[in-house]
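Numbering (the working numbering), first residue to last: 79 to 169.
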C-alpha cells in the first residue's frame with residue numbers, strides 16, 4: 079500500500095493533478111503538487127485559496143515563499159480585474 083501511495087503521489091505531482099491533495103494533504107509534497115498544478119494550468123486562484131487557510135509556520139522557508147508568491151499574484155489579478163470588493167474580502 080505504501081508503495082502504491084508513493085506512486086500515486088509522484089504521478090499527481092508530475093501531472094499537476096490537484097486531486098492528489100487527498101493523498102498528500104497540505105504537506106510539502108502537497109505544495110509541490112500545487113506548484114505543478116499552477117505550472118500546468120496557470121490557475122493561481124485555486125492554489126492561493128487552498129493554501130490561504132493553511133498554517134504557514136509548519137512550512138519551510140521555500141514553501142512559504144511559494145505560497146506568498148501565489149498570494150501576491152492572486153492579489154495582483156484581483157486588482158487588474160478591478161475586483162476591489164473581492165480583494166477586500168479576501169484580505
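The C-beta atom is built at its ideal place from N, Cα and C for all residues, glycine as well.
Contact belief for residue i with residue j at Cβ below 8 Å, rounded distance in angstroms
i, j, result
"residue 98", "residue 111", "5 Å"
"residue 107", "residue 91", "7 Å"
"residue 163", "residue 144", "Not confirmed; about 27 Å, so no contact."
Distance CB(residue i)-CB(residue j) smaller than 7 Å
i, j, result
"residue 87", "residue 109", "no"
"residue 159", "residue 125", "no"
"residue 142", "residue 156", "no"
"residue 152", "residue 116", "no"
Same chain, Cβ closer than 6 Å to residue i, neighbours up to 5 away in sequence not counted
i, result
"residue 120", "none"
"residue 47", "Within the shown structure, residues of the chain are numbered from 79 to 169, placing residue 47 beyond reach of any answer."
Close-in-space but distant-in-sequence residues of the same chain around residue i (CB under 8 Å, 5 per side omitted)
i, result
"residue 118", "93 and 94"
Mind listing, in chain order, the continuous alpha helix (DSSP H) runs of no fewer than 4 residues lying wholly within the segment 122 to 147? 122 to 129
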